[in-house]
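A quick write-up on the structure given underneath.
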Amino acid sequence: MESLKEILSRRRALVITPFAFAGIYALTSRKGDPPPPAVDVTIIPFDDHGNPQPATKTKRIVHTDAEWKKLLTPGQFYVTRRESTDTPYTGTMYKSHNRGLFRCICCSNAVFSSDAKFDSATGWPSFFAPIAKENIATRRDTSMMMDRIEVHCTLCLAHLGHVFDDGPEPTGLRYCINESSLRFVAL
Ligand SMILES: [Zn+2]
C-alpha cells in the first residue's frame, strides 16, 4: 500500500492552479452545510495516564455549527470547524517540552503525544507521528492556492492542521498542528 510519505512526494509534481480554484469553492461551500453523518468510526482511546485501550468502534461525534459555537471559543471554532490557521509563535505549545497527551479540543480524542513532538522552528506544535494512526485521518486540501494534506480528528472531523514530508526520523513526516485544536493533558 502506498504510504503517506509517497503520496506527499508524488503530489509535488501536480499542477495546482485548477485545484486551487476548486479548493476555494470547496472551502466557501462548507459554511452552513448540514452536519456530516454520524457513521461508525474506530479509534484507540487513551486514558489520562497515556495508556492505550482496546480499539473501540463508536459513532462519529456530530454537532451543528450552533452547537459547536457553544462548546468552543471563537478561535477554536474557526480553526477546527472552518479550517482556519493559528498565527505562528502564538500560544505556548509550540515551545513546550512538557510530557503529556494532546487531545482534540472538540471531542477529547487523543491525537498526539509529547513522545513524538519535536521543535520544527515553524511556530506551530509539530509531531512526527500521531498517537495512533486510527485517531486521525487525512485528505487532500487544495485551498489557499496550495496543494497540501489536511489532518483531522477521526472522531469528530475537527481540522487539526497539515502533514508535510520534511519531518525528522523515524517517519520523515511533520504534522503541523494548530494549538487551538488541542487540549494538553500533562503526564
Ligand atoms: Zn475530535
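Numbering (this note's numbering), first residue to last: 347 to 533.
For each residue, glycine too, the CB sits at the ideal point set by N, CA and C.
On a predicted model such as this, the values are computed, not experimentally measured, just so you know.
Given a cut-off of 8 Å on the beta-carbon distance, is the pair residue i and residue j in contact?
{"i": "T484", "j": "V497", "result": "yes"}
{"i": "C453", "j": "C502", "result": "yes"}
{"i": "A478", "j": "A462", "result": "no"}
{"i": "R494", "j": "H508", "result": "yes"}
{"i": "S460", "j": "N444", "result": "yes"}
{"i": "L447", "j": "V531", "result": "yes"}
{"i": "W470", "j": "Y424", "result": "no"}
{"i": "T404", "j": "V387", "result": "yes"}
{"i": "A504", "j": "T436", "result": "no"}
{"i": "L350", "j": "F510", "result": "no"}
When the Cα of residue i is compared with those of the options, which residue comes out closest?
{"i": "P400", "options": "D511, I390, A478 and F458", "result": "I390"}
{"i": "L506", "options": "G421, R445 and D465", "result": "G421"}
{"i": "S526", "options": "L417, D432, K415 and D394", "result": "D432"}
{"i": "S442", "options": "A456, F464 and C499", "result": "F464"}
{"i": "D379", "options": "V425, H409, K403 and L354", "result": "H409"}
{"i": "P514", "options": "Y435, M490, A467 and L533", "result": "A467"}
{"i": "T402", "options": "R520, M491, N455 and F473", "result": "N455"}
{"i": "C311", "options": "F458, L519, D512 and T517", "result": "Because the chain is modelled from 347 through 533, residue 311 falls outside the range shown and cannot be assessed."}
{"i": "F517", "options": "M490, M492, S472 and D411", "result": "What sits at residue 517 in the sequence shown is Thr, not Phe. Of the listed residues, the one whose Cα sits closest to T517 is S472."}
{"i": "D411", "options": "P398, P382 and D393", "result": "P382"}
{"i": "D393", "options": "R449, T438 and R486", "result": "R449"}
{"i": "R486", "options": "W414, E429, L533 and P434", "result": "E429"}
Provide the residue(s) that pair with residue i in DSSP beta bridges, ordered along the chain.
{"i": "D386", "result": "K405"}
{"i": "D398", "result": "Before going on, a small fix: residue 398 reads as Pro here, not Asp. Paired residues: F392."}
{"i": "A532", "result": "G446"}
(Q) Quick check on the DSSP output: what are the complete beta strand (DSSP E) runs of length 3 or more inside the stretch 424-508, in order along the chain? (A) 446-450, 456-459, 482-487 and 494-499
Q: Under 5 Å from any heavy atom of ligand 3, by CB: list those residues in chain order, please.
A: This structure simply doesn't include ligand 3; it includes ligand 1 instead.
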